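Under our numbering, the first residue of the sequence shown is numbered 10, with each subsequent residue one higher.
C-beta atoms are modelled at their ideal positions from N, C-alpha and C, and glycine is treated no differently.
Predicted model only: the values in this text are computed from it and were never measured.
Report on the structure given below.
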Amino acid sequence: MTEINERMIIQSGENIRAVISLMMAHETNLRSHLRRNVFDFQFLLRDDVSSNDLSLNELNLNTDSSLNVTYSTYEELEEHRETSCPITHEPFLNDDEIAIINTCKHYFKKDAFLTWTSHSHTCPVCRTPT
Numbered sequence: 010m011t012e013i014n015e016r017m018i019i020q021s022g023e024n025i026r027a028v029i030s031l032m033m034a035h036e037t038n039l040r041s042h043l044r045r046n047v048f049d050f051q052f053l054l055r056d057d058v059s060s061n062d063l064s065l066n067e068l069n070l071n072t073d074s075s076l077n078v079t080y081s082t083y084e085e086l087e088e089h090r091e092t093s094c095p096i097t098h099e100p101f102l103n104d105d106e107i108a109i110i111n112t113c114k115h116y117f118k119k120d121a122f123l124t125w126t127s128h129s130h131t132c133p134v135c136r137t138p139t
């Protein structure tokens, strides 16, 4: 191995160690991060849709077949435990489409939940696998 390659490997290892120690020091909790930066998620949601020239309803994310989720409207819910979406922190409106995780019964605005599930397969609130 050449000296340049050895130096690059050492630098890469140092960078990886620095990132891991930073992550461990902060113990990143996405849920509290979203509380502080609601607009970051809203930007991600808008960017996700506009970059595909599709609405979220037109995207084929296989949510119905691969996830244990039911869709409804907020006013059709039997019990209104939450008044705002845990992902976007926007208040629920009666005509909002809602995604309900059947295993834990947490619910979210449908578009926000579909974007979440494109990056994670756990409940945003309790981390139960979907």
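Please check the pair residue i and residue j, which I expect to be a contact at CB under 8 Å, by giving their CB distance rounded to whole angstroms.
| i | j | result |
| --- | --- | --- |
| residue 106 | residue 119 | 4 Å |
| residue 92 | residue 110 | Incorrect: roughly 18 Å between the Cβ atoms, too far for contact. |
| residue 117 | residue 100 | Between residue 100 and residue 117 the Cβ distance is about 13 Å, and since that is not below 8 Å, they are no contact. |
| residue 108 | residue 78 | 5 Å |
| residue 3 | residue 131 | No statement about residue 3 is possible, as the shown extent of the chain runs from 10 to 139 and does not include it. |
Which stretch, first to last residue, makes up the beta strand (DSSP E) that contains residue i?
| i | result |
| --- | --- |
| residue 82 | 78-82 |
| residue 114 | No beta strand (DSSP E) holds residue 114; DSSP gives it neither H nor E. |
| residue 173 | Since the first residue of the chain shown is 10 and the last is 139, residue 173 is not available in this structure. |
| residue 87 | Counting along the chain, residue 87 falls outside any beta strand (DSSP E), and DSSP gives it neither H nor E. |
| residue 106 | 106-110 |
So, is residue i buried or exposed, given that buried needs 16 or more other C-beta atoms within 10 angstroms?
| i | result |
| --- | --- |
| residue 95 | buried |
Comparing alpha-carbon positions, which option in the options lies nearest residue i?
| i | options | result |
| --- | --- | --- |
| residue 103 | 84, 109, 80, 92 | 84 |
| residue 97 | 82, 80, 81, 124 | 124 |
For residue i, verify whether its CB is less than 6 Å away from any heavy atom of the ligand GDP.
| i | result |
| --- | --- |
| residue 100 | By its list of ligands, the structure shown contains no ligand whatsoever, and the ligand GDP lies outside what it can speak to. |
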